[in-house]
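Residues in the sequence shown are numbered from 1 upward in steps of one, following the UniProt record's numbering.
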Amino acid sequence: MVPTHFTSIEFFQKKKDITLYRAADETQRYILKSIITKDTSVRQAFYDEYETLSALRHPSIPVYYWLREDYQVPGQKSGTLTLCMEDCSQPAPFSLFSIGELCRILYKTTDILSYLLENGVLYTDLNPSNLIISEAHGDYAVTLVDYTYCYYFLRNPYPAYPLRFSYNISPQLKGQQFLIQALTFLLYDLVEENHIEQLPSPVYQLLETGRNPSEELSLHDFQEMLRHCGAR
């Protein structure tokens with residue numbers, strides 16, 4: 001049973017209407033996400049996030065523990081709407097990644113995006129700061145964080161809060177095309193972060209294809225292209 005009282009709670013960062021805190025007890029670390037706004041659309045985004053993601057269990061998704069309507073956090077005179085979730089943060093990697101390693105990381109990221117889409121969530125804020133990369137048993141593991149304002153719940157096609165894209169999404173090809181584009185731009189960012197100046201021909205082809213994916217291109221097809229780029 002995850003507690004509501006912790007041995008420590010400290011401010012972490014603020015994102016728009018959301019304040020993040022790091023909390024801990026004797027055995028584990030947590031992230032608390034808190035909002036004080038009365039805006040019903042922002043509050044609904046919190047409820048959607050908790051109700052959908054707390055039902056999922058996947059090693060690349062933080063575990064969601066509880067949602068409280070009136071939780072007291074440091075620095076606030078009254079209770080706030082607060083989510084408690086697993087703190088998945090890891091130390092940054094000591095060394096730069098090769099292009100083959102980046103393709104492997106992208107392959108693993110495609111796995112989690114496909115899983116989310118199958119469960120009614122289109123993740124729409126894919127960038128290096130929201131991707132936690134770690135090594136496990138000689139392979140790479142990825143964790144996606146920061147789901148508020150970043151997703152589209154397919155079971156709720158007309159949410160009360162603004163979305164970050166304008167075209168109609170379906171759980172089939174439209175959503176997959178969107179994610180292929182997002183994965184492609186993520187690879188551009190990771191290549192730049194890792195100071196890779198020369199790319200093999202298959203990677204150039206993947207980047208060109210992923211920027212403007214055809215209607216026939218699926219996430220599975222994109223993963224096969226990543227295999228040819230060195231994602232063993």
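Every residue, glycine too, gets a C-beta built ideally from N, C-alpha and C.
Since this is a predicted model, take the numbers as computed values, not measurements.
C-alpha distance - residue i paired with residue j, whole-angstrom precision
i, j, result
"F11", "P200", "44 angstroms"
"L187", "L117", "20 angstroms"
"T4", "Y115", "30 angstroms"
"H137", "K16", "37 angstroms"
"I133", "Q90", "8 angstroms"
"Q72", "E101", "43 angstroms"
"E192", "R227", "21 angstroms"
"F185", "Q44", "29 angstroms"
Option in the options with minimal Cα separation from residue i
i, options, result
"K33", "G100, M225, E86", "E86"
"I36", "S89, F94, P74", "P74"
"T82", "A136, E193, E69, S129", "E69"
"V121", "Q28, D48, K14", "D48"
"S54", "D189, Y65, Y30", "Y65"
"Q28", "F6, Q44, D39", "F6"
Contact with chain B by residue i, beta-carbon distance below 9 angstroms
i, result
"F178", "Among the protein chains of the structure shown there is no chain B, as only one such chain exists."
Beta-carbon proximity check, residue i vs residue j, cutoff 9 angstroms
i, j, result
"G230", "C103", "yes"
"S41", "A23", "no"
"L179", "Y123", "yes"
"P128", "L207", "no"
Contact set for residue i: own chain, Cβ-Cβ below 8 angstroms, skip 5 residues either direction
i, result
"P59", "A141, T143"
Residues near residue i in its chain [Cβ-Cβ closer than 7 angstroms; skip 5 each side]
i, result
"I196", "I99"
"L56", "N119"
"L131", "T109, V142, L144"
"C84", "V2, Y30, L32, Y65, W66"
Residues near residue i in its chain [Cβ-Cβ closer than 6 angstroms; skip 5 each side]
i, result
"Q13", "L20"
"M225", "L206"
"L126", "A182, L186"
Bridge-paired residues (DSSP) for residue i
i, result
"K16", "In DSSP, K16 forms no bridge with anything."
"D139", "A136"
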